[in-house]
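Chemist: Dropping a structure here in structure tokens format, bear with me for questions.
Protein chains in written order, with the numbering used here: chain A, 1 to 250; chain B, 1001 to 1250.
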């Protein structure tokens, strides 16, 4: 059995908790959170919760799920030594964790919102550790919930995280722009959903370059000019111009 | 029965042909294409094909599927009069069709690639016509293949098309950037696919604004600076800066 303590109970640890609590071979020993978590919820009814960092229980792995900036000072403040402490961030180097402990990373490459359930089975879990035994433990822990556990060092993980920002945060902002354009016309955003879905599905079988279509790709300047005219005085014009320039050169 | 002639057999008409050929109440009378189409393919074996524009058969609706720029002159050159001629483009005003004929638009809002089958059932088909009877005919034709037929005038359709460019062409370019970043690290693009899929699924239940996460949204300048450092000397830096500026202001 792998004994786990959660340090922080934000978005990501909340989802990890749900996934790991139904995994065989995992015992969630405790949840620490600076502010009180709603321990009356059925989710936490069988797990001890604490706001007192001095009362951490013994475990095989401590999973930090707090804002990136807070990871280094928080890990330094932990009153435990020589334990395996991992963070769950894409953008934080493993070396930012305090060296009072054995250090590791357990980064599920996915976007998490409290309102949405996620299935971890296909989510890549990127693991890293200072020593081989800890890496093996993290691999076992990852494999309790995902079929896609990969060892990736911090430098590569940051690049993966950068790519994730492009295909998630920035893509989602383009959805927001599309939604705004339709809202102004009193057209429902639903009209775009089959297109959004097909765009994401297409790259399961085609490379993004092979999947590309549209006026910029076919250098259809007449349509581009019509669009630019609609975007006069809009903040979105700069996006349109930048993408169009890039796509014409592909 | 609705009798249809296809004018042009590019990507979109190819897919429309497949969908309409299995629809009840539709007879595909003929396919015209300037260059020869492979009429030996099983797809076309029961449909007369011609490269001679003077030999068009009689039909209820003629569906133009050719590049946007060519639509106006081509419709002017058609040797038929007072027939219902529709184009299938998002960005071309209905009035660009020759007024020798009754004009209309039959625009399926989707991205089409020859290599990928599409299911028309959920695809919005945006229709427009000069007179009510033709609009009714186009609605009937659309409903043979889709549950989502909507009447939209040219001016609104152009805005819908603009929004589609943002959520499809530009989104796909972000996928390409993500893919390039991973390629350089010898990491498989597959690592990003669950994230891409979840990003598209999320907005089925959350608005894009509610779904937004990431360093720019939470104003995590430390992570942003790490990413910008990785993008030094990259064409993609401009994209990163533009999105980050926009997301910080959301």
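Positions of the beta carbon are idealized from the N, C-alpha and C atoms, including for glycine.
Using 8 angstroms as the cut-off, can you tell me whether the segment 161-174 of chain A makes contact with the segment 1176-1196 of chain B, which would need three or more C-beta pairs spanning the two stretches below that distance?
Modeler: Judged by Cβ distances under 8 angstroms, the segment 161-174 of chain A makes contact with the segment 1176-1196 of chain B, as three or more pairs qualify.
Chemist: What are the start and end residues of each continuous beta strand (DSSP E) run of 3 or more residues lying completely inside the segment 40-124 of chain A, in chain order?
Modeler: Qualifying beta strand (DSSP E) stretches, in chain order: 61-64, 84-87 and 102-108.
Chemist: Since I believe residue 79 (chain A) is in contact with residue 56 (chain A) (beta carbons under 8 angstroms), could you give me their beta-carbon distance rounded to a whole number of angstroms?
Modeler: In the first chain, residue 56 (chain A) corresponds to position 56, counting from 1. In the first chain, residue 79 (chain A) corresponds to position 79, counting from 1. The pair is a contact, with the Cβ atoms about 7 angstroms apart (cut-off 8 angstroms).
Chemist: Distance cutoff 8 angstroms, beta carbons only. Does residue 1062 (chain B) sit that close to anything in chain A?
Modeler: In the second chain, the residue the question calls residue 1062 (chain B) occupies position 62. No, no contact with chain A.
Chemist: Could you run through the segment 169-183 of chain A and flag, in chain order, every residue whose CB is less than 8 angstroms away from some CB of chain B?
Modeler: If the cut-off is 8 angstroms between Cβ atoms, the segment 169-183 of chain A has 169, 170, 171, 172, 173, 174, 175, 176, 177, 178, 179, 181 and 182 near chain B.
Chemist: With 8 angstroms as the threshold, decide whether the Cβ of residue 1016 (chain B) is near any Cβ in chain A.
Modeler: Reading the second chain from its first residue, position 16 is the one you call residue 1016 (chain B). Not an interface residue.
Chemist: Could you check the C-alpha separation between residue 222 (chain A) and residue 1128 (chain B) for me, to the nearest Å?
Modeler: Residue numbering aside, residue 222 (chain A) sits at position 222 when the first chain is read from its first letter. Residue numbering aside, residue 1128 (chain B) sits at position 128 when the second chain is read from its first letter. Rounded to whole angstroms, residue 222 (chain A) to residue 1128 (chain B) spans 21 angstroms at the Cα level.
Chemist: Could you give the distance in angstroms between the alpha-carbon of residue 101 (chain A) and the alpha-carbon of residue 122 (chain A)?
Modeler: Translated into positions along the first chain, residue 101 (chain A) becomes position 101. Translated into positions along the first chain, residue 122 (chain A) becomes position 122. Roughly 30 angstroms separates the two Cα atoms.
Chemist: Quick check on this structure: which residue in B:1117, B:1247 and B:1094 has the alpha carbon closest to the alpha carbon of residue 1013 (chain B)?
Modeler: The residue labelled residue 1013 (chain B) in the question sits at position 13 within the second chain. Among B:1117, B:1247 and B:1094, the Cα nearest to that of residue 1013 (chain B) is on B:1117.
Chemist: Only counting the same chain, and skipping five residues up and downstream in sequence, which positions put a Cβ closer than 7 angstroms to that of residue 1091 (chain B)?
Modeler: Taking the first residue of the second chain as 1, we reach residue 1091 (chain B) at position 91. 1068, 1158 and 1161.
Chemist: Would you call the CB atoms of residue 1002 (chain B) and residue 1060 (chain B) closer than 8 angstroms?
Modeler: Position 2 of the second chain, counted from the first residue, corresponds to residue 1002 (chain B). Position 60 of the second chain, counted from the first residue, corresponds to residue 1060 (chain B). Yes.
Chemist: So if DSSP puts residue 1003 (chain B) in a beta bridge, which residue, or which two residues, is it bridged to?
Modeler: The residue labelled residue 1003 (chain B) in the question sits at position 3 within the second chain. Answer is B:1027.
Chemist: Comparing the C-beta of residue 1088 (chain B) with each C-beta of chain A, is any distance below 8 angstroms?
Modeler: Walking along the second chain from the start, residue 1088 (chain B) turns up at place 88. No, its Cβ sits nowhere closer than 8 angstroms to a Cβ of chain A.
Chemist: Show which residues of chain B have a CB atom less than 9 angstroms away from the CB atom of residue 122 (chain A).
Modeler: For the purposes of this step, residue 122 (chain A) is taken as residue 122 along the first chain, with counting starting at 1. Here the neighbours are 1193, 1194 and 1197.
Chemist: So what does residue 1149 (chain B) bridge to, in DSSP terms?
Modeler: Translated into positions along the second chain, residue 1149 (chain B) becomes position 149. DSSP output for residue 1149 (chain B) lists B:1125 as bridge partner(s).
Chemist: Check whether the Cβ atoms of residue 1125 (chain B) and residue 1142 (chain B) lie closer than 8 angstroms to each other.
Modeler: Numbered from 1 along the second chain, position 125 holds the residue referred to as residue 1125 (chain B). Numbered from 1 along the second chain, position 142 holds the residue referred to as residue 1142 (chain B). Yes, they are a contact pair.
Chemist: Hey, residue 1065 (chain B) and residue 1016 (chain B) are a contact pair by Cβ (cut 8 angstroms); roughly how many whole angstroms apart?
Modeler: On the second chain, residue 1065 (chain B) is found 65 positions in, with the first residue counted as 1. On the second chain, residue 1016 (chain B) is found 16 positions in, with the first residue counted as 1. With 8 angstroms as the limit, residue 1065 (chain B) and residue 1016 (chain B) qualify as a contact, their Cβ atoms being about 7 angstroms apart.
Chemist: Just reading off the alpha helix (DSSP H) that residue 235 (chain A) is part of, what are its end residues?
Modeler: Taking the first chain and counting its residues from 1, one reaches residue 235 (chain A) at position 235. Run containing residue 235 (chain A): none; DSSP gives neither H nor E here.
Chemist: Residues in the same chain with beta-carbon distance under 8 angstroms from residue 1023 (chain B), minus the five sequence neighbours each way, listed in chain order, please.
Modeler: Within the second chain, numbered from 1, the residue matching residue 1023 (chain B) stands at position 23. Taken in chain order, the residues that qualify are 1144 and 1145.
Chemist: Please list, in chain order, the chain B residues whose beta carbon lies closer than 9 angstroms to that of residue 154 (chain A).
Modeler: The sequence position of residue 154 (chain A) within the first chain is 154, counting from 1. The premise fails here: residue 154 (chain A) is roughly 11 angstroms from chain B at the closest Cβ pair, so nothing lies under 9 angstroms.
Chemist: For residue 116 (chain A), return the contacting residues in chain B, with the cut-off set at a CB-CB distance below 9 angstroms.
Modeler: Taking the first residue of the first chain as 1, we reach residue 116 (chain A) at position 116. Result: 1198, 1201, 1202, 1205, 1206 and 1211.
Chemist: Which residues does DSSP pair with residue 32 (chain A) in a beta bridge?
Modeler: Locating residue 32 (chain A) in the first chain gives position 32, where the first residue counts as 1. Beta-bridge pairing links residue 32 (chain A) to A:7 and A:50.
Chemist: With 16 as the cutoff for other CB atoms within 10 Å, does residue 76 (chain A) come out buried or exposed?
Modeler: Along the first chain, one-based indexing puts residue 76 (chain A) at 76. Counting Cβ neighbours within 10 Å, residue 76 (chain A) comes out exposed, since fewer than 16 surround it.
Chemist: On a Cα-Cα basis, can you pick out the residue from B:1209, B:1190, B:1170 and B:1150 that is closest to residue 187 (chain A)?
Modeler: In the first chain, the residue the question calls residue 187 (chain A) occupies position 187. Checked all of B:1209, B:1190, B:1170 and B:1150; the closest Cα to residue 187 (chain A) is B:1150.
Chemist: Check residue 217 (chain A) in the structure and name its three-state DSSP category.
Modeler: Translated into positions along the first chain, residue 217 (chain A) becomes position 217. In the structure shown, residue 217 (chain A) sits in coil (DSSP, three-state: anything other than H, G, I, E or B).
Chemist: Here's the rule: buried if 16 or more other CB atoms are within 10 angstroms of the residue's CB, otherwise exposed. What is residue 73 (chain A)?
Modeler: As a first step, residue 73 (chain A) is located in the first chain; it is residue number 73 there, counting from the start. So residue 73 (chain A) counts as exposed.
Chemist: Residue 208 (chain A) by DSSP, collapsed to three states: which one?
Modeler: Indexing the first chain from 1 puts residue 208 (chain A) at position 208. Here residue 208 (chain A) sits in helix by DSSP.
Chemist: Could you give the C-beta distance for residue 1070 (chain B) and residue 169 (chain A), rounded to a whole number, given that I count them as a contact under 8 angstroms?
Modeler: Indexing the second chain from 1 puts residue 1070 (chain B) at position 70. Indexing the first chain from 1 puts residue 169 (chain A) at position 169. Not quite, the Cβ-Cβ distance comes to about 39 angstroms (not below 8 angstroms), so this is no contact.
Chemist: So, using beta-carbon positions, are residue 1031 (chain B) and residue 1006 (chain B) closer together than 8 angstroms?
Modeler: In the second chain, counting from the first residue as 1, residue 1031 (chain B) sits at position 31. In the second chain, counting from the first residue as 1, residue 1006 (chain B) sits at position 6. Yes.
Chemist: Return helix, strand or coil for residue 188 (chain A), following the three-state DSSP convention.
Modeler: As a first step, residue 188 (chain A) is located in the first chain; it is residue number 188 there, counting from the start. Residue 188 (chain A) falls in the coil class under three-state DSSP.
Chemist: Can you tell me whether DSSP reads residue 130 (chain A) as helix, strand or coil?
Modeler: In the first chain, the residue the question calls residue 130 (chain A) occupies position 130. Three-state DSSP puts residue 130 (chain A) in coil, outside helix and strand.
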